[in-house]
Structure formats: C-alpha cells, structure tokens
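Q: Residue numbers (the UniProt record's numbering), protein chains in the order written: chain A, 1 to 233; chain B, 1 to 233. Even for Gly, the Cβ is constructed at its ideal location relative to N, Cα and C. A single structure is presented below for examination.
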DNA sequence: AAATCCACTCGCACACTGTACGAGGACTGT
DNA sequence: ACAGTCCTCGTACAGTGTGCGAGTGGATTT
C-alpha cells in the first residue's frame, strides 16, 4: 500500500487570485513583515489577520494552514539570495558570493533559523538557488553524486556557521543582556576549563561582529580549499 | 546602566534534592524519554507531570520554566558524545571520531534539531566537549583566534550536515509518506531545472541512509583537509 | 508538647495558540 | 428571481506555559 502523498504548498495549484483586495501574495508579504519585526513567535494568525484588517480565519481561504504560510514566506527569502553565474565569475567566486549572500539574508531574517533545515525547500526560489549551486560545483569539476556531496558540504557550512550567530544576536544584540555581566557568568560556567577561560578573556578586546565575519571567511576558505582538494587526486 | 543578567540554569545554584522521590534528575530523565518518543512537541508540562504522577505545576519547584528544562535535557545529550583524547589518537582521528559521535547522538535525539544553535551550550557536558575540541585543534597547530575559527568551522559542518538529515528522517522514515509518490511530486517542483531532475532520478537507485553517511564522510574529509591547509602556509 | 517554619504539591485561572465548522454575505451567470 | 460560487468571519474546542495562593506534612525551635 502506498502512504500519504507528501504535501507542500508547492505541489498544489494555488488559488487563482480573483479578488483584487486580498491575495496570497499580500498575506505572505504581511507575514514577512511580522516575522522580521517580531520573530517567529510574533507571527500568529490572529495578529496577521488584524494587520490585514481581516478575521484570523479568513486567511485560511488562501492558505491551508500556518505551516504552509511559513513555507511561502521561507521561499520568499530565497529569492533575495544572489547566486552569480559561475560561468562568468568562476566557481570559487560564485560559491563565495553565494555563501556571503546566504549569510546576509539569514542575518536579516533571523526567524529563518527556526525553519532552515526543517522545511523542505521546494519553492521556486529555493530551486533556483539549488540549481545554480549545482552548476557551480559541476563547473568546478565534480561529477555524479559528488556534486551533491559538495553542495551539501557547502550549504552545511553556511547554515551551521550562521545559525549560532543568529542565536547570539538574538540574546545579545536584540536582547536585554549586559555583555559584561554575561561574560562574568559564562566564566563561572567554564571555571573548570582553564583553556576556555583564557579564550573567553580574549573576547573582551574584540568586536564580536567583526570576529564573526572573519571566522566566516576563514571557514569558507577552508571548506572551498578542502572541496577543491577532492578534485586534484 | 547595566542590562539584565543573562540567565541560564547553569548560572544558578540548583536546589538541593532533599526529597527522595522527586528530583531534578528524575524530571530531566522523564523529559528526555518524552522527547525521544514524541519529539519536541510531545513535551508539555502537563504530560510530563502526568508521566511522573504529579501535577503539571509541581515541576516548577525544581525548574524555573520549560526553557530551563530543555537546557538541562540538552546538556544531558552532550554527555553521550565521545571525544577522544587528541594526544593519544592524533588530532584528525580525534576530530573524525567526534564528528561521527555528534552526528549519531543527533540522529538518536532528533528533537535536538530544534535546540542546537538556539540555546547557549553552557552545561558541564557541553563545556567538556567544547574544551576537548579546542585541545584537538590546538594540537593540530592552531593558535590564538584561529583555534576558535577552526572549532566553529568544524562544528558548523556537523550541525549543518546533520540538521537536514534529521528533517528528512522526520518526514520520510518516521513520517507516513510514500517515497515514490513523494519523488514524483518533487520532480514536478523541479520541472524547470533539467539538471535537478536528472539528479532526483539518480536517487532511485541508492539507499538514502548510505548516501547520507557517504556524503558526511566526504564533507568531513574536505573540511579537515581545508583546515589542515590553513596550517602549512 | 506546642508553635513555628519551610519544603513541597497542585487546582485554578489567564492569556494565548491553531484551526474546524458552519452561517452568512456578495457577486455572478442564467 | 434563482442558483451557484467565492469569500468572510464569529464561535468554539482543545491545547499551551505558567503566576498565584491555598494547603499539607514533616522537621525544628521554643
């Protein structure tokens, strides 16, 4: 027996927008605003309805449920990602620009941290980016499954690096915590590990934003070098 | 003016367990069971209370709130991670074993996907692992901030690679979806991208579990090679 | 022995969530 | 005028985390 068909917004026909006022696009746009302003918990159907001067349940005409709405908003952000044509700029440059672009978009929409890697990325924008990434690593010289492995490694690095950065921003920058007080407390937690203590002490003299950016470049260079090395042998 | 002090379970004194019956440890253990069995949404204070034959709000004597409970459960899983002494086995071997161990633990506790990179990892177990990782990359030859960059790159890769794997398992393995039906639908979503279609077609002939493992090793090798390359120049 | 204290339990209540349902309104084509 | 379709939304339900305050039982102090 076959199981239930996998269901995603992208696998169904959208409702044709007959009414000029309300539309799926407008709802998604409003949802994005709410998400950017108040984060993932700030988006509730009631609030979204109010923002659109509509009843909460009216939205269910355009969107099957909240998850579907998130899928739509999710794909929308993929649209903002720049993926240069690798044929023009070379694969390393293309990969590098892509990586930085993904990071920037993630930092601009911190709520993505809760969706990335959880939702299937089947929307047209995500597909476009994924396709371009494949082209990039094909041009680099990968073939067969190794194209996938390379893309997976590359994106894994970007996600894994940016995710904690978002979390950090959420508690420290937007949050209401005092940096000095926090460091003092973290040092208490690390009391048993002299090396970690020394490490934390170093933090005092550096701008964490800059550090993050430098770390990202360092890691990106490493990952691309490591991938390139798979090609020569 | 100073902001609010950052608050985490680890930065407070735990309540001494005077009562023999209920204790913080027992609550965390029960929470872990619930999380493993029913996932992150399966854990509610009421359900957890019922499991322990207690009222939901009784737990608040031992734990300040749900987030704190999650912090405790979170750290518990770090305890299961194997980090070999790099002095004994060499840094590459130590890193490799660590990476695989983290992946295994994550796959065994899929709910971690919702916490990793979101919660600060300040618990004793997480600290132990972090410290060992630093030793590993110090032994490799990194110094100063580069130790951090290397560790961050390394862990970013592991998280970023395993996170989507967990999501995939959740929908396909534990989920109720039919693989063939899903592939057919995904192909529809990728209709505009001939290269992606070709790629999806390849999937038919491979065991995805094996593919994931191979991909992980491929990427790990790349990352470690890339990091090693930072040392020689 | 009596009184006080404190560790602990928990029922109730509040504000909030997603969304199923079904009654209605508005507009179209016949 | 009637039928049908598109669209709105009030109400309701089952759930969530958790603040509050009353209550209980055992140990400590007077």
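Does the CB of residue 67(A) have a neighbour CB from chain B at under 8 Å?
A: The residue labelled residue 67(A) in the question sits at position 67 within the first chain. Chain B contact via Cβ: absent.
Q: Between the C-alpha atoms of residue 235(B) and residue 209(B), what's the straight-line distance to the nearest angstrom?
A: With chain B represented from 1 up to 233, any question about residue 235(B) goes unanswered, as that position is not in the structure.
Q: Can you tell me whether residue 159(A) is helix, strand or coil according to DSSP?
A: Taking the first chain and counting its residues from 1, one reaches residue 159(A) at position 159. Note: residue 159(A) maps to helix in three-state DSSP.
Q: To the nearest angstrom, how far is the alpha carbon of residue 33(A) from that of residue 74(A)?
A: Stepping through the first chain from its first residue, residue 33(A) is reached at position 33. Stepping through the first chain from its first residue, residue 74(A) is reached at position 74. Each residue's alpha carbon lies about 12 Å from the other.
Q: Is there a C-beta anywhere in chain B that falls below 8 Å from the one on residue 155(A)?
A: Position 155 of the first chain holds residue 155(A). It does: the Cβ of residue 155(A) has a partner Cβ on chain B nearer than 8 Å.
Q: Short check: CB of residue 153(B) to CB of residue 222(A), under 8 Å?
A: Residue 153(B) sits at position 153 when you count from the first residue of the second chain. Residue 222(A) sits at position 222 when you count from the first residue of the first chain. In contact: residue 153(B) and residue 222(A) (Cβ atoms closer than 8 Å).
Q: Nearest chain A C-beta to residue 200(B) closer than 8 Å, yes or no?
A: The residue you call residue 200(B) lines up with position 200 of the second chain. No, no contact with chain A.
Q: Distance check for residue 70(B) and residue 59(B), CA to CA, integer angstroms please.
A: Numbered from its first residue, the second chain carries residue 59(B) at position 59. Numbered from its first residue, the second chain carries residue 70(B) at position 70. Looking at the two C-alpha atoms, the distance is approximately 13 Å.
Q: Sort 52(A), 38(A) and 199(A) by Cα distance to residue 26(A) and report the nearest one.
A: Position 26 of the first chain holds residue 26(A). It is 52(A).
Q: Note down, in chain order, each residue of its chain lying with its Cβ closer than 7 Å to the Cβ of residue 66(B), except the 5 sequence neighbours on either side.
A: Position 66 of the second chain, counting from 1, holds the residue named residue 66(B). Cβ contact annotation for residue 66(B) (same chain, cutoff 7 Å, sequence separation greater than five): 45, in chain order.
Q: Residues in the same chain with beta-carbon distance under 7 Å from residue 40(B), minus the five sequence neighbours each way, listed in chain order, please.
A: Here residue 40(B) corresponds to residue number 40 of the second chain, with the count starting at 1. A distance below 7 Å between beta-carbons, with the five flanking residues on each side excluded, links residue 40(B) to the following residues of its chain, in chain order: 111 and 114.
Q: Whole angstroms are fine: how far does the CA of residue 96(B) sit from the CA of residue 220(B)?
A: Along the second chain, read from residue 1 onward, the residue named residue 220(B) stands at position 220. Along the second chain, read from residue 1 onward, the residue named residue 96(B) stands at position 96. Looking at the two C-alpha atoms, the distance is approximately 7 Å.
Q: Can you confirm whether residue 161(A), when its beta carbon is compared against all beta carbons of chain B, has any partner nearer than 8 Å?
A: As a position in the first chain, residue 161(A) is number 161, starting the count at 1. So yes, residue 161(A) belongs to the interface.
Q: Do we get a CB-CB distance below 8 Å when we pair residue 96(A) with the residues of chain B?
A: In the first chain, counting from the first residue as 1, residue 96(A) sits at position 96. With a threshold of 8 Å between beta carbons, residue 96(A) makes no contact with chain B.
Q: Please confirm if residue 104(A) has its CB atom under 8 Å from at least one CB of chain B.
A: Within the first chain, the letter at position 104 stands for residue 104(A). Taking Cβ atoms only, chain B never reaches closer than 8 Å to residue 104(A), which makes this a no.
Q: Between the segment 189-209 of chain A and the segment 133-152 of chain A, do three or more beta carbon pairs fall short of 8 Å?
A: no
Q: Excluding the five sequence neighbours on either side, which residues of its own chain have a C-beta within less than 8 Å of the C-beta of residue 230(B), listed in chain order?
A: What you label residue 230(B) is simply residue 230 of the second chain in a count that begins at 1. Excluding positions up to five away in sequence, the list reads 142, 146 and 150.
Q: For residue 200(A), which of helix, strand or coil comes out of DSSP?
A: Your numbering for residue 200(A) matches position 200 in the first chain. Three-state DSSP puts residue 200(A) in a helix.
Q: For residue 78(A) versus residue 126(A), is the C-beta distance shorter than 8 Å?
A: Taking the first chain and counting its residues from 1, the one referred to as residue 78(A) is at position 78. Taking the first chain and counting its residues from 1, the one referred to as residue 126(A) is at position 126. A contact, by the Cβ cut-off of 8 Å.
Q: Expressed to the nearest angstrom, what Euclidean distance is found between the alpha-carbon atoms of residue 104(B) and residue 159(B)?
A: Within the second chain, the letter at position 104 stands for residue 104(B). Within the second chain, the letter at position 159 stands for residue 159(B). The straight-line gap from Cα to Cα measures roughly 11 Å.
Q: To which residues of the same chain is residue 198(B) closer than 7 Å at the C-beta, ignoring the five residues directly before and after it?
A: For this step, residue 198(B) is matched to residue 198 along the second chain. Closer than 7 Å at the Cβ level, and outside the excluded window around residue 198(B), lies no residue.
Q: Compare the C-beta of residue 219(B) against all C-beta atoms of chain A and say whether one is closer than 8 Å.
A: Taking the first residue of the second chain as 1, we reach residue 219(B) at position 219. The beta carbon of residue 219(B) falls within 8 Å of a beta carbon belonging to chain A, placing the residue at that interface.
Q: Give me the Cα-Cα distance between residue 122(A) and residue 123(B), rounded to the nearest whole angstrom.
A: Stepping through the first chain from its first residue, residue 122(A) is reached at position 122. Stepping through the second chain from its first residue, residue 123(B) is reached at position 123. Spanning the two alpha carbons is a distance of roughly 37 Å.
Q: Roughly how many whole angstroms lie between the Cα atoms of residue 81(B) and residue 37(B)?
A: Along the second chain, read from residue 1 onward, the residue named residue 81(B) stands at position 81. Along the second chain, read from residue 1 onward, the residue named residue 37(B) stands at position 37. Taking the straight line from one Cα to the other gives about 20 Å.
Q: Can you list the residues of chain B that residue 133(A) reaches, using a CB-CB cut of under 8 Å?
A: Walking along the first chain from the start, residue 133(A) turns up at place 133. Neighbours of residue 133(A) on chain B: none; closest Cβ ~10 Å, over 8 Å.
Q: Going along chain A, which residues have a C-beta under 9 Å from residue 196(B)?
A: Translated into positions along the second chain, residue 196(B) becomes position 196. Result: 127, 130, 131 and 134.
Q: Between residue 226(B) and chain A, is the shortest Cβ-Cβ distance under 8 Å, so that the two count as touching?
A: The count along the second chain starts at 1 and reaches residue 226(B) at position 226. Yes, because at least one Cβ of chain A sits closer than 8 Å to the Cβ of residue 226(B).
Q: Within the 8 Å Cβ cut-off, does residue 152(A) reach chain B?
A: Your numbering for residue 152(A) matches position 152 in the first chain. It does; some Cβ of chain B falls within 8 Å.
Q: Let me know if residue 55(A) comes out buried or exposed under the rule of 16 or more other beta-carbons within 10 Å of its beta-carbon.
A: Translated into the one-based positions of the first chain, residue 55(A) becomes position 55. Classification of residue 55(A): exposed, given that the 10 Å Cβ count is below 16.
Q: Helix, strand or coil, according to DSSP, for residue 186(A) in the structure here?
A: For the purposes of this step, residue 186(A) is taken as the residue at position 186 of the first chain. The three-state secondary structure of residue 186(A), taken from DSSP, is helix.
Q: Give the straight-line distance between the Cα atoms of residue 232(A) and residue 225(A), rounded to the nearest whole angstrom.
A: Residue mapping note: residue 232(A) aligns to position 232 of the first chain, counting from 1. Residue mapping note: residue 225(A) aligns to position 225 of the first chain, counting from 1. Residue 232(A) and residue 225(A): Cα-Cα distance of roughly 11 Å.
Q: Scan the UniProt DNA-binding region "H-T-H motif" (44-63) of chain B for residues whose Cβ lies nearer than 7 Å to a Cβ of chain A and list them as they occur along the chain.
A: none
Q: What residues in its chain sit with their C-beta under 8 Å from that of residue 188(A), if we drop five residues either side in the sequence?
A: In the first chain, counting from the first residue as 1, residue 188(A) sits at position 188. Taken in chain order, the list of residues that qualify is empty.
Q: By Cβ distance, which residues of its chain are closer than 8 Å to residue 130(B), with the 5 residues on each side in sequence left out?
A: Here residue 130(B) is taken as the residue at index 130 of the second chain, counted from 1. Hits under 8 Å: 121 and 151.
Q: Is residue 109(B) helix, strand or coil by DSSP?
A: Looking up residue 109(B) in the second chain gives position 109. DSSP places residue 109(B) outside both helix and strand once states are collapsed to three, so it counts as coil.
Q: Identify which residue in 89(B), 138(B) and 196(B) has its Cα closest to the Cα of residue 227(B).
A: Here residue 227(B) is taken as the residue at index 227 of the second chain, counted from 1. Checking every option, the nearest Cα to that of residue 227(B) belongs to 138(B).
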